[in-house]
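Here the UniProt record's numbering is used: the first residue of the sequence shown is 1, the next is one more, and so on.
We put the beta carbon where it would ideally sit given N, CA and C, even for glycine.
These numbers were taken from a predicted model, which means no experiment stands behind them.
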Amino acid sequence: MNIIKKETYSFQSEVKELLHLMIHSLYSNKEIFLRELISNASDAIDKLRFESISSPELFNETPKIQISINKSQRTLIINDNGIGMTRKDIIENLGTIAKSGTKTFLKSLKSKKNNIENELIGQFGVGFYSSFIVSDKVLVRTKFAGNKSNDGILWESSGEGEYNIENITKKTQGTEITLFLKQEEDEFLETWKIKNIVNKYSDHITVPVEIQIYDEKNKTYLWEQINKAQALWTKNKSAISKKEYQEFYKYLTHDQNNPITWSHNHVEGNHEYISLLYIPEKAAWDIWNRENKHGLKLYVKRVYIMDNSQEFLPNYLRFIRGIIDSNSLPLNISREILQNNSITQNLKKALTKRSLKMLDKLSKNDHEKYQSFWKEFGLVLKEGPAEDSENLNLIANLLRFTSTKNNSSEQKISLKQYISNMIEKQEKIYYITADSYISAKNSPHLELFNKKNIDVLLLSDRIDEWMMNYLVEFEGRKFQSISKEDTSLNKFIKDKPIEKEETSKETVNFLNKVKTVLGDKVKSVRLTNRLTDTPCIVLSDSNEMSTQMAKLFTAAGQSVPELKYIFEINLKHELIKKICKISDSKIFEEWIKLLLDQSLLAEKGNLDNPHEFISRMNKLFIKL
Numbered sequence: 001m002n003i004i005k006k007e008t009y010s011f012q013s014e015v016k017e018l019l020h021l022m023i024h025s026l027y028s029n030k031e032i033f034l035r036e037l038i039s040n041a042s043d044a045i046d047k048l049r050f051e052s053i054s055s056p057e058l059f060n061e062t063p064k065i066q067i068s069i070n071k072s073q074r075t076l077i078i079n080d081n082g083i084g085m086t087r088k089d090i091i092e093n094l095g096t097i098a099k100s101g102t103k104t105f106l107k108s109l110k111s112k113k114n115n116i117e118n119e120l121i122g123q124f125g126v127g128f129y130s131s132f133i134v135s136d137k138v139l140v141r142t143k144f145a146g147n148k149s150n151d152g153i154l155w156e157s158s159g160e161g162e163y164n165i166e167n168i169t170k171k172t173q174g175t176e177i178t179l180f181l182k183q184e185e186d187e188f189l190e191t192w193k194i195k196n197i198v199n200k201y202s203d204h205i206t207v208p209v210e211i212q213i214y215d216e217k218n219k220t221y222l223w224e225q226i227n228k229a230q231a232l233w234t235k236n237k238s239a240i241s242k243k244e245y246q247e248f249y250k251y252l253t254h255d256q257n258n259p260i261t262w263s264h265n266h267v268e269g270n271h272e273y274i275s276l277l278y279i280p281e282k283a284a285w286d287i288w289n290r291e292n293k294h295g296l297k298l299y300v301k302r303v304y305i306m307d308n309s310q311e312f313l314p315n316y317l318r319f320i321r322g323i324i325d326s327n328s329l330p331l332n333i334s335r336e337i338l339q340n341n342s343i344t345q346n347l348k349k350a351l352t353k354r355s356l357k358m359l360d361k362l363s364k365n366d367h368e369k370y371q372s373f374w375k376e377f378g379l380v381l382k383e384g385p386a387e388d389s390e391n392l393n394l395i396a397n398l399l400r401f402t403s404t405k406n407n408s409s410e411q412k413i414s415l416k417q418y419i420s421n422m423i424e425k426q427e428k429i430y431y432i433t434a435d436s437y438i439s440a441k442n443s444p445h446l447e448l449f450n451k452k453n454i455d456v457l458l459l460s461d462r463i464d465e466w467m468m469n470y471l472v473e474f475e476g477r478k479f480q481s482i483s484k485e486d487t488s489l490n491k492f493i494k495d496k497p498i499e500k501e502e503t504s505k506e507t508v509n510f511l512n513k514v515k516t517v518l519g520d521k522v523k524s525v526r527l528t529n530r531l532t533d534t535p536c537i538v539l540s541d542s543n544e545m546s547t548q549m550a551k552l553f554t555a556a557g558q559s560v561p562e563l564k565y566i567f568e569i570n571l572k573h574e575l576i577k578k579i580c581k582i583s584d585s586k587i588f589e590e591w592i593k594l595l596l597d598q599s600l601l602a603e604k605g606n607l608d609n610p611h612e613f614i615s616r617m618n619k620l621f622i623k624l
């Protein structure tokens with residue numbers, strides 16, 4: 001071993017924090033370190049297979065992962081003949097965590113004492129660091145495929161603050177990891193224990209995993225294969241157990257939780273492919289991050305091509321994990337070619353429908369599990385109507401809401417259930433959007449609907465207003481915002497005294513005075529039968545932007561036109577009756593402006609000049 005150059009580096013600060021958490025936290029399942037190292041080795045061999053498509057000379061020996069134990073030195077060695085790493089690779093892969101949001105994530109972990117490993121492993125591709133759970137020191141010897149033997153690299157660290165790198169001579173390509181086990185970790189020096197772990201977590205890996213054993217009879221060491229080394233997705237569904245599907249998911253995603261459900265399909269015809277799609281139990285911590293890596297693992301004719309292939313599923317299904325193995329795509333396909341490939345588009349259509357039907361099946365067969373799914377991923381799925389008009393009905397059927405009759409903020413009512421609860425003569429699906437569930441549930445717009453026992457969907461997620469722009473109807477029933485003008489409500493109002501009152505001299509005079517006071521502050525002034533307990537409300541014109549949509553645009557930094565509302569007055573309300581009798585024009589004007597501000601506050605949740613509103617209210621209180 002010729003040492004050419006040795007350098008000492010400090011770990012990136014986030015890595016230091018990560019290692020401290022891993023080494024000093026109580027891990028309930030230490031054996032996962034071996035699963036992670038085998039998974040990394042398998043990935044390295046997959047990458048070599050891909051590179052060998054264009055450079056066949058790189059793939060010069062049978063791929064394998066070998067594990068050996070040295071009890072006298074207390075070492076466990078995991079060796080692969082995959083693609084290996086360069087000096088630059090090893091610094092980037094083992095010295096830094098090049099992922100945004102790392103600091104925020106680590107900060108949140110510090111406040112959590114339980115199940116820390118369930119959230120830590122897999123979050124940043126940090127499976128390698130799990131080695132330090134059981135090791136005092138870790139050595140990594142590696143050589144990138146195609147490089148000369150004296151281009152090997154040795155990486156060494158005790159997992160504290162620094163690591164050393166030096167050039168070495170390494171004849172074979174690939175990576176060898178040597179773990180110097182802690183005194184209390186004797187179980188990982190036992191062959192039977194290693195076999196059990198491999199059988200439990202890595203049986204389905206397509207690469208043979210071998211362990212070195214001593215042959216007493218011939219007094220020599222042999223390599224014995226532990227796993228079956230068959231791609232799980234290629235097997236017949238009836239031959240795969242529930243446990244095997246779950247373990248493959250964990251291997252694929254580095255998630256410690258079992259998936260909620262999955263769908264495994266072999267498709268033949270014009271486009272022959274296999275897909276295995278999973279719905280996770282928990283959302284990824286960075287699912288809302290623009291740099292969130294998602295998508296399926298792509299194989300072509302059983303050859304690994306790439307991770308995170310986003311081209312096969314729409315963005316609103318980014319929570320779905322799994323693999324697609326195509327016989328129709330070329331082996332040398334790139335991300336750029338994938339995006340413009342007609343086969344890709346056809347596969348995307350098929351996999352999108354498959355995913356939605358998997359969710360539909362879950363919603364019908366297991367309401368409890370579907371509710372768990374909705375709590376984790378409902379907000380993501382709500383992006384669907386805007387993104388995927390082709391599958392709008394399928395998506396709408398999967399949406400869940402809360403409503404006035406639900407008496408809970410939990411979103412669990414489907415649109416089918418809402419329609420089944422509609423009253424006689426009701427033709428529309430009524431909804432209201434607001435900043436919060438409490439705000440929606442207590443809106444004065446609901447008074448007529450509560451009186452007539454008409455259920456109203458209460459929408460308070462930020463995305464809801466945007467979503468409702470794309471949900472025009474469901475099963476022939478149109479959606480109607482109750483904060484917008486709607487003449488069809490007249491059929492629910494049996495008594496129509498407004499017509500008589502509007503023509504009376506007193507009423508006409510009152511309305512004219514209100515219009516004079518408000519001028520162009522409102523679009524129009526009229527009486528209403530919508531209200532029971534509230535003196536007045538404002539409505540948006542049916543053809544204009546809603547209040548919530550205006551808020552969305554404003555929050556996004558976009559300008560919006562000034563909203564002009566319809567001002568509706570409840571002539572039966574005691575306060576309105578008293579205001580009608582006020583002869584002092586200045587006091588009358590103050591009351592009308594106060595009522596408009598009240599209505600705007602109820603509708604928008606804020607006022608342009610709250611100080612003026614408070615001052616006006618105090619003046620009127622004094623006069624009372």
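Check: Less than 8 Å between the C-beta atoms of Asn-570 and Thr-534, yes or no?; Outcome: yes
Check: Expressed to the nearest angstrom, what Euclidean distance is found between the alpha-carbon atoms of Glu-17 and Leu-94?; Outcome: 14 Å
Check: Rounded to a whole number of angstroms, what is the C-alpha to C-alpha distance between Cys-536 and Leu-518?; Outcome: 14 Å
Check: Quick one: give me the first and last residue of the alpha helix (DSSP H) that Asp-461 is part of.; Outcome: From DSSP, Asp-461 is part of no alpha helix (DSSP H); its letter is neither H nor E.
Check: So is Pro-561 buried or exposed if we call it buried at 16+ other beta carbons inside 10 Å?; Outcome: exposed
Check: Residue range of the beta strand (DSSP E) that Thr-404 falls in?; Outcome: That residue, Thr-404, is in no beta strand (DSSP E); it is neither H nor E in DSSP.
Check: Counting beta carbon pairs with one atom in the stretch 187–201 and one in the stretch 66–73, are three or more of them shorter than 8 Å?; Outcome: yes
Check: Below 6 Å CB to CB, which residues in the same chain sit around Leu-34 once its five sequence neighbours on both sides are set aside?; Outcome: Ile-197
Check: Can you confirm whether the stretch 326–337 touches the stretch 301–309 when touching is taken to mean that 3 or more C-beta pairs between the two stretches lie within less than 8 Å?; Outcome: yes
Check: Does the stretch 241–253 come close enough to the stretch 214–231 to have 3 or more Cβ pairs within less than 8 Å?; Outcome: no
Check: Quick one: does Pro-280 have its CB under 8 Å from some CB of chain E?; Outcome: The structure shown has no chain E; it contains just one protein chain.
Check: To the nearest angstrom, how far is the alpha carbon of Lys-235 from that of Asn-199?; Outcome: 17 Å
Check: With DSSP run on the structure shown, which of helix, strand or coil describes Phe-492?; Outcome: helix
Check: Quick check on Val-472: does DSSP put it in helix, strand or coil?; Outcome: coil
Check: Give the DSSP bridge partners of Tyr-304, in chain order.; Outcome: Tyr-299
Check: Looking at the secondary structure, which residues open and close the alpha helix (DSSP H) in which Leu-48 lies?; Outcome: 32–54
Check: Give me the Cα-Cα distance between Lys-113 and Leu-21, rounded to the nearest whole angstrom.; Outcome: Annotation note: pLDDT 47 at Lys-113 (below 50); position unreliable, no value reported.
Check: Would the stretch 484–493 and the stretch 455–463 be scored as touching if the rule is three or more Cβ pairs under 8 Å?; Outcome: no
Check: Please determine if the stretch 375–393 and the stretch 439–446 are in contact, where contact requires at least 3 C-beta pairs separated by less than 8 Å.; Outcome: no
Check: Distance check for Lys-484 and Met-468, CA to CA, integer angstroms please.; Outcome: 13 Å
Check: Which runs of the alpha helix (DSSP H) spanning at least 4 residues fall entirely within the stretch 185–244, listed in chain order?; Outcome: 191–201
Check: Under DSSP, the beta strand (DSSP E) around residue 630 begins and ends at which residues?; Outcome: Outside the displayed range of the chain (1 to 624) lies residue 630, so it cannot be described from this structure.
Check: So, with DSSP's three-state summary, where would you put Asn-450?; Outcome: helix
Check: Would you kindly report the start and end of the unbroken alpha helix (DSSP H) that includes Glu-92?; Outcome: 87–95
Check: With DSSP as the reference, please indicate the residues paired to Trp-262 in a beta bridge.; Outcome: Tyr-278
Check: Are there 16 or more other CB atoms within 10 angstroms of the CB of Thr-142, so buried, or fewer, so exposed?; Outcome: buried
Check: Rounding to the nearest angstrom, what Cα-Cα distance links Ser-158 and Glu-92 in this structure?; Outcome: 18 Å
Check: Let me know the secondary structure DSSP gives Ile-165 once reduced to three states.; Outcome: strand
Check: Name the residue from Ser-436, Asp-435, Lys-416 whose alpha carbon lies nearest to the alpha carbon of Ile-429.; Outcome: Lys-416
Check: DSSP three-state label for Gly-322, please.; Outcome: strand
Check: Below 7 Å CB to CB, which residues in the same chain sit around Lys-451 once its five sequence neighbours on both sides are set aside?; Outcome: Thr-532
Check: Lys-99 to Ser-13, Cα distance in whole Å?; Outcome: Reliability of the predicted coordinates at Lys-99 is poor, the pLDDT of 49 falling under 50, and no value is obtained from them.
Check: Just to confirm, is the Cβ distance from His-204 to Glu-244 under 8 Å?; Outcome: yes
Check: Beta carbon of Val-525, beta carbon of Phe-567: below 8 Å?; Outcome: yes
Check: Straight-line CA distance for Gly-127 to Glu-36?; Outcome: 5 Å
Check: Within this structure, are the beta carbons of Ile-274 and Asp-325 separated by less than 8 Å?; Outcome: yes
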